[in-house]
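Q:
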Amino acid sequence: MTESNLVLEKYLNYKPVNVAELSGGLVHQVYRIFGEDGTYIVKIRGKSASQLENVTTQPHEIEYEAEGIKIFSGIAPKNFPLLLGEDIENGIIVLSDLLPSGGDTLQNMIFSSGITPGFAFKFGELIACVQSKLPVVDEFREDDKSFFEQILNFRFSRIPGFNHLQLLNKGNKGLIMGSLSPKNILIDTEGEIKICDLETVCVGIKEFDIGYALGHLLLNSDARREIFDAFFSGFETSFGLTFNKNLINQYIAATILYRTYRTNVPYKINSSPDKIARLSARAMEYLLNEDESIDILLT
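With the numbering used here applied, the sequence shown covers 797 to 1095.
#1: With burial defined as no fewer than 16 other Cβ atoms inside 10 Å of the residue's Cβ, what is the status of A1073: buried or exposed?
#2: Could you tell me whether the stretch 1031 to 1049 touches the stretch 992 to 1012, using the rule of 3 or more Cβ pairs below 8 angstroms?
#3: Could you give the distance in angstroms between the alpha-carbon of I989 and the alpha-carbon of R1021?
#4: For the candidate residues A816, I840, V823 and R841, whose alpha-carbon lies nearest to that of I829?
#5: According to DSSP, is V926 part of a helix, a strand, or is it coil?
#6: Taking DSSP as the reference, what is the three-state secondary structure of K866?
#7: Considering only DSSP beta bridges, list what Q825 is partnered with.
#8: Please go through the same chain and pick out, in chain order, the residues whose beta-carbon is closer than 6 angstroms to the beta-carbon of T996, but skip the five residues on each side of it.
#9: Of the choices K866, E861, K969 and H960, whose alpha-carbon is the least far from that of R841?
#10: Could you check whether C992 and L878 sit closer than 8 angstroms to each other, using their CB atoms as the reference points?
#11: Short of 7 angstroms in beta carbon distance, which residues of its chain neighbour L1037, apart from the five on each side in sequence? Order them along the chain.
#12: Less than 8 angstroms between C-beta atoms, sequence neighbours within five positions excluded: which residues of the same chain meet that for F1031?
#13: Tell me the rounded alpha-carbon separation between I906 and T1095.
#14: Would you report the Cα separation of I986 and K979, rounded to the nearest angstrom?
#15: Apart from the five residues just before and just after N814, which ones in its own chain have a Cβ nearer than 7 angstroms to its Cβ?
#16: Which residue from Q854, V826, L971 and I884 puts its Cα closest to that of S892?
#17: With distances taken between CB atoms, is the gap from A1026 to P913 smaller than 8 angstroms?
#18: As a quick exercise: from I1001, S819, D984 and D833, pick the residue whose alpha carbon is nearest that of V932.
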């Protein structure tokens, strides 16, 4: 961290007093910095992924996350970090601390107290609020399409019977958050939901964001019907949103299989092996049978 400290002081005018390493994503190193004027978060993108040693990255690509943070924090400043500083050449951004007074990740909350319908309602409400303020675009630009395809390939290419690339011509295209998994969702001491990681922000299919988020909730709950209904009750509080519900359901099933079937990223699930295997088999059945109802995943 010594070199990064120097960068922070020289380019960004931050003077760290103490540093604590946080659990970051697959790509970045993440630190909480205790500075002279409070705490803030530093994300560093190196030349290789932090958790995937064989994957090379470009430090300057942190610029896309920085731009995404500006957009999303402008829409919901209480729910997203603020961009406090950036040194794109060195792959560094400085963000506001979303949990200055304490809180936890949804991932940890799942194992301590579980997911409640009340949380699912608020989560659906937040996603709908954000999406209602982002425009739909008619077509992908080629570089946007290529990046979104990379995300889909990494997560879904191992799933038989799910042709994720064919779905690019369906649904609503627009800016998405890209990785609404429980480790990227925070809950502060007041119960406010925060979203902390936008490293895969891109122009993609909006139904993907919804299905990916909800798929993780259902995977970690036995009350799947209640969670599913509560999420969409919250989501439907934003009027004027039109989404392809069948497409959302396909992404729900694919997300469950991404985490349970031939997964390339280890993922801890709050359920027994038997229940996980049964839900995984039902998700596969749903994707392979066009006449199957989403109810197969909710009972």
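Here a beta-carbon is modelled for each residue, glycine too, at the ideal position from N, C-alpha and C.
A: Let me spell this out:
#1: Result: exposed.
#2: Verdict: yes, contact present.
#3: CA-CA distance, I989 to R1021, rounds to 22 angstroms.
#4: The alpha carbon of I829 has as its nearest neighbour, out of A816, I840, V823 and R841, the alpha carbon of A816.
#5: In the structure shown, the three-state DSSP call for V926 is helix.
#6: Under the three-state reduction of DSSP, K866 is assigned to helix.
#7: Note: Q825 is bridge-paired with I840 in the DSSP secondary-structure output.
#8: Hits under 6 angstroms: I947, G974 and S975.
#9: If we check each option's Cα against that of R841, E861 comes out closest.
#10: Cβ atoms of L878 and C992: not closer than 8 angstroms.
#11: The residues are A924, Q927 and S928.
#12: Excluding positions up to five away in sequence, the list reads G920, E921, I923, A924, I1006 and L1037.
#13: If I take the Cα positions, the gap works out to 20 angstroms.
#14: Sequence check: residue 986 is Glu here, not Ile. In this model, E986 and K979 are separated by some 19 angstroms (Cα to Cα).
#15: The residues are F830.
#16: Residue V826 is the option with its Cα nearest to S892.
#17: For A1026 and P913, yes; Cβs fall inside 8 angstroms.
#18: Residue nearest to V932 within the set I1001, S819, D984 and D833 is I1001 (criterion: CA-CA distance).
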